[in-house]
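Remember, my numbering sits 8 above the position in the sequence shown when you count from 1.
For glycine and all other residues, C-beta sits at the position ideal for the given N, C-alpha and C.
Report on the following structure.
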Amino acid sequence: MINDETKKKLDMMGMHALVEALEVQEKESLYKSMTFDERLNASVDHAYQIKYNEKVKGLIRRAHFRYPQASVEDIYYTKRELDKNQIMTLITNSYIDNYKNVLIVGFTGSGKTFLSNCLGKAACRDGISTRYIRIPDLFVQLEEAELKRGRNKLINKFANCPLLILDEWLINSMSEQEIEFIFELIERRYQNKSTIFCTQFKIESWHNRLGGGVHADAIMDRIIHNSITINAGDVNMREVTSNMNKE
């Protein structure tokens with residue numbers, strides 16, 4: 009049995025998870041028949057799982073997902089145009105390893121945000137730092153940052169995240185200042201980070217919605233040619249979910 013002094017030392021070394029694992033072994037009789045090596049392996053596995061769970065929980069909390077409980081297992085495929093094989097490939101996070109973007113396009117209510125949060129949580133489970141934000145909220149932060157001369161700090165905040173989810177992409181027309189900010193952000197992330205864009209607008213219309221100028225050319229070039237497109241379809245998932253809850 010491990011004594012209190014040893015537990016205290018382990019805690020001081022930041023090994024509380026191992027202490028917890030050893031305490032579990034003290035209470036469970038099935039461990040008594042195990043060899044020292046078997047108990048050590050079991051302790052390390054238990055401690056690792058605790059630390060892993062804590063890390064994932066922290067990543068999910070800091071991601072600020074709209075749907076923190078979103079799970080890929082809950083994605084609804086019936087009568088939708090979603091490609092299940094494509095989704096299963098995306099949750100391996102290989103697109104993040106290859107710095108590819110994901111464009112989720114679909115009608116209002118088609119489940120774009122939920123789907124993006126599922127992909128974001130899959131990234132968190134792989135230990136990948138993720139951040140979700142709505143474009144209108146991002147521009148509110150930009151306005152506040154401009155007043156405090158903190159524009160570069162804001163760009164750094166979102167440019168350095170391995171996976172960034174931009175929801176309600178192009179929902180409103182952008183000012184020249186906002187377009188320039190988006191260009192700087194996309195440029196910083198180009199070929200070294202992945203971004204998920206959620207939008208109800210077809211890709212062909214993006215250029216005009218970005219102002220149709222030089223910045224629009226540059227933004228489109230950096231997004232489109234290194235991306236994977238998901239067609240979320242036109243099924244209203246809010247209506248589907250509401251009907252399912254009534255049954």
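Local Cβ density within 10 Å of residue i, reported as buried at 16 or more and exposed below that
i, result
"M182", "buried"
"G114", "buried"
"M21", "exposed"
"V52", "exposed"
"T138", "buried"
"K129", "buried"
"V148", "exposed"
"I187", "buried"
"V110", "buried"
"L38", "exposed"
Segment limits, beta strand (DSSP E) that includes residue i
i, result
"A78", "From DSSP, A78 is part of no beta strand (DSSP E); its letter is neither H nor E."
"N239", "235 to 241"
Residues near residue i by beta carbon distance below 6 angstroms, same chain, minus five either side
i, result
"D134", "N101"
Contacts around residue i, its chain only, beta-carbon distance under 8 angstroms, and the 5 residues preceding and following it disregarded
i, result
"A240", "R88, E89, L90, I112, V113, G114, F115, S118, G119, K120, L123"
"K210", "V113"
"I136", "L67, N101, I104, P170, L171"
Span of the alpha helix (DSSP H) around residue i
i, result
"D19", "12 to 20"
"S41", "That residue, S41, is in no alpha helix (DSSP H); it is neither H nor E in DSSP."
"E34", "24 to 35"
Spatial neighbours of residue i in its chain, beta-carbon cut-off 7 angstroms, leaving aside the 5 residues before and after
i, result
"P76", "I68"
"V243", "K87, R88, S118"
**Study point:** beta strand (DSSP E) segments (min. 3 residues) lying fully within the region 96 to 150
**Key:** 109 to 114, 138 to 142
Point to revise | Sufficient close CB pairs (3 or more, under 8 angstroms) joining the region 95 to 104 to the region 71 to 78 | key: no
**Study point:** Contact the region 56 to 71 vs the region 206 to 221: 3+ CB pairs below 8 angstroms
**Key:** no
Practice item. Starting from the N-terminal side, write out each stretch of the alpha helix (DSSP H) that is 4 residues or longer and does not extend beyond the region 150 to 228. Key: 159 to 167, 184 to 197, 214 to 217
**Study point:** Contact between the region 158 to 172 and the region 194 to 201 (3+ Cβ pairs under 8 angstroms)
**Key:** yes
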